[in-house]
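Just so it is clear: in the sequence shown, position 553 is 1202 by the numbering used here, and no numbers are missing. Let me begin by presenting the structure, written as structure tokens, before commenting on it.
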Amino acid sequence: MKPKLNPEAKAIYRAITAEIKKRLSLPGSEAHLERFSLTNDPGEIRERQEYLRTNLPKVRPEMRGLISKVRPIRFQKEFLSDRVLLIDESEVERAESLGLCHVTTDPTEAQEYPIVLSTLGYGVDVELKPQDIAPELYLLPLWKNRGTLEALARIGEMTGERSVAPDILDALEKFGEVMERESVLESLDELIAEKEHELNEKIGERLENFSLTLSGKELLNFLTQLREGNYDAIFRHFSGIEEEILELINRAEHELSEMLGTAVEVFSREELYPVRVAPESIEGLRRLLERELALERYLAARETLEKIGPLIPKLRDEIERVHELDFLLAVREFTEGFSFPGVWEGGIAFLQGRHLFIENPQPVSYVVGKKPEELNVPGADAVRDEGIVILTGANSGGKTSLLELITQIEILFHMGFPVPAQKAWIEPLDELFFFRRKKSVYGAGAFETALRSFVRALRGKGKKLILIDEFEAITEPGAAVKIIGELLKVARERGFLVVIVSHLGEDLKKELPFARVDGIEAKGLDENLNLIVDRQPIFGKLGRSTPELIVERLARTSRGKDREIYERILVSFGRGV
């Protein structure tokens, strides 16, 4: 069952969950936090504590970078236009229901497609299963998410839990060879243009360095043949350089063939300089490569999927486990130095509790209700298992912060989390009320609203903890003593736990002899005239207030007539500067 919280307590609950959420790396990990919503079932709280005790040690800060690299791997259905499924008439309805590719019963129509799949012995034999017809739909998401697989493999090593990611990565290597060829095909225009430019530079250099050397007799013979119109003589003299250019072209095409995995002949032999590749030659090569690669990719994907298909469900589980690890790491970071509280009966007690949202807080120990024997703190002998406590003492001494700390500890306990204390004992509650003092809200309306809220908190039965911060601030002190007194009597009669912050401790103690009055003491002023406050409440002792210390500070820092007045006020407290 979920304990009820009033609005101020809910605000603290939201602040705690927000602190954990901001430490999460992955979308979707919040679902694990939602499973730790409030409960007052002691068995459920113990189960959550045991789960966290077992699993929090498995996560380490160095996992954060790996966890952040994990992305969802989504396998989506898609219609593939590069293949056809050739089947018998009786299979058409079933095949078309798969919605993966074009379906036909005509072998002639099938010849137009790069990939022909068939149940009739044409092309590649398949069964009417998605993994046979479109294995790439399983492989491509894995290939594109290799970073996720690598992170999963490393996380598996760190947690000591066997990961399927290394096996999938190994199996993807052959498929990767095809994908690398495909990436080369995507840059075909740039690749050929680069090779064309490189080839023309080499030919240009060769032509610049070419020289024709003839003897006197050879020159006379050469000129005679030219006068007679025998131009073959010229070409014979230049045949050597032509052969060199053709050799450069052949070598360039060989290099392209190696890169593309197929025989390439795209450079013209008719116009040797500058060398150019016709656009239609590039397009023809592209179509050829696309057909070859489509079939090659299909076959590689099918072969690879046969190896890793059974691992894909386990991979999904692993990714979900990483979301769980993300949640656990966030909880571990948030609760560093916390302890698991014991499930207690009769109240709440803690040793060395530390406020979650105050930097470098002074640890404090406290108890409301039944006191554990292990609560060995100074002054604890004054505790008599009181369920009604009046907290008094210095302004800015930490009284409100203590109420917030109690609320924080209660909420974390009811989530099943460790709490910010050296040790704690907590009773599961049915309801938790925290009434924070509203600044600058006074008058009859504010008083009526507050009184209605307090009375509502006292309705019904069950295990309740009610925390009230300075009720008297919204009404007259005399009336406040009477009203608070009656409210606390009702709370005691019904077995509720109450901590109320009040400056009326002395008057309330007379009205409520069953209540314990604790105090937070201001001990004086330091060398900078700041209040020296011990935020650890003294059990059973009225807290010394601070007005006289404030007056003393003003007297010390003022001059002239102002100082005289402050000193006179200070004397009325029985003190001097």
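Glycine included, C-beta positions come from ideal geometry on N, C-alpha and C.
- A direct Cα-to-Cα measurement between E967 and V775 gives close to 31 Å.
- Our two residues, E955 and D819, have alpha carbons roughly 13 Å apart in a direct line.
- Within its own chain, the residues whose Cβ lies closer than 7 Å to the Cβ of Q780, once the five positions on either side in sequence are excluded, are Y787, L954 and G958, listed in chain order.
- Where G1042 is concerned, the enclosing beta strand (DSSP E) starts and stops at I1037 to G1042.
- Taking C-alpha positions only, R795 is separated from G853 by approximately 45 Å.
- The shortest CA-to-CA distance from N655 to any of L1153, A1204, F1084 and V1148 is the one to F1084.
- The beta carbon of E1155 sits closer than 7 Å to those of L1191, all from its chain and outside the five residues before and after it, given in chain order.
- Between E668 and A658, the alpha-carbon positions lie close to 16 Å from each other.
- Rounded to the nearest whole angstrom, the CA to CA distance from I804 to A759 is 47 Å.
- Here the C-alpha atom of I665 lies approximately 24 Å from the C-alpha atom of E711.
- Restricted to the region 1104-1159, the alpha helix (DSSP H) segments that are unbroken, complete and at least 4 residues in length are 1126-1142, listed in chain order.
- The residue from L1000, T808 and P790 with its alpha-carbon nearest to that of R713 is T808.
- Rounded to whole angstroms, the Cβ separation of P1186 and V1026 is 10 Å, and the two are not in contact under 8 Å.
- Per DSSP, the continuous alpha helix (DSSP H) segment holding G805 begins and ends at R795 to T808.
- Looking at K1158, H1152, K1113 and L734, the one whose alpha-carbon comes closest to that of E1135 is K1158.
- Put simply, of E914, L909 and M908 the residue whose alpha carbon is nearest the alpha carbon of N899 is E914.
- Looking at E1008, E1035 and P1010, the one whose alpha-carbon comes closest to that of P1021 is E1035.
- Residues S812, A814 and E967 of the same chain have their beta carbon placed closer than 6 Å to that of L801, with the five preceding and five following residues left out of the count.
- Note that the C-beta distance between M650 and N704 is not below 7 Å.
- When the beta-carbon positions are compared, P790 and R940 stay at least 7 Å from each other.
- Annotated three-state conformation of I1075 is strand, per DSSP.
- Inclusion of I817 and L974 in the CB contact set at 7 Å is not warranted, their separation being larger than that value.
- The shortest CA-to-CA distance from L1024 to any of V1038, L1005, F1006 and Q1001 is the one to Q1001.
- The beta carbon of A979 lies closer than 7 Å to those of I669, R672 and L673 in the same chain, with the five residues before and after it left out.
- Within the region 936-1020, the runs of alpha helix (DSSP H) that reach at least 4 residues and sit entirely inside it are, in chain order, 961-983.
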